[in-house]
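Colleague: Note that the UniProt record's numbering has the sequence shown beginning at 1, numbered continuously upward.
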Amino acid sequence: MEHIEIFKALSNKSRLLMLEWLKEPEINFPKQQACGFEHGVCVGEIQAKSGLTQSTVSEYLSILQRAGFIESTRVGQWTYYRRNEKAFVELSKIIESNL
């Protein structure tokens with residue numbers, strides 16, 4: 001993916017917050033604690049925490065996924081999201097070598 005698309009994905013406060021929340025899901029999504037975080041965080045939990053509409057959250061998560069920052073897993077009717085930590089290592093390399 002082009003560098004400009006990566007930085008565009010990071011240029012929104014709500015998307016940045018989602019990435020921060022997914023860094024420590026156990027702390028940021030306590031309601032899901034009983035079900036665990038094996039597959040990531042349920043999109044419904046992200047939507048509830050953000051206070052944004054379902055369609056906006058879906059669009060933001062899609063942008064972050066296309067940029068490589070998150071991965072999704074579908075389990076039945078639910079979709080779960082988790083951070084792709086490798087993408088953050090690559091982002092550090094991009095910043096270090098190009099900026």
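For glycine and all other residues, C-beta sits at the position ideal for the given N, C-alpha and C.
Everything numeric in this text was worked out from a predicted model, so none of it was measured.
Would you report the Cα separation of residue 22 and residue 96, rounded to the nearest angstrom?
Modeller: About 24 Å.
Colleague: I believe residue 70 touches residue 81 by the beta-carbon criterion, under 8 Å. Please report the beta-carbon distance rounded to the nearest angstrom.
Modeller: Correct: roughly 5 Å between the Cβ atoms.
Colleague: Am I right that residue 61 and residue 43 are in contact with their C-beta atoms under 8 Å? What's the rounded C-beta distance?
Modeller: Yes, residue 61 and residue 43 are in contact; Cβ-Cβ is about 7 Å, under 8 Å.
Colleague: Runs of 4 residues minimum, wholly inside the region 25-96: which ones carry the alpha helix (DSSP H) assignment?
Modeller: You should have 25-28, 43-50 and 54-66.
Colleague: State the DSSP-derived secondary structure class of residue 2, mapped to helix, strand or coil.
Modeller: It is coil, neither helix nor strand.
Colleague: Identify which residue in 13, 19 and 79 has its Cα closest to the Cα of residue 68.
Modeller: When only C-alpha atoms are compared, the closest one is 19.
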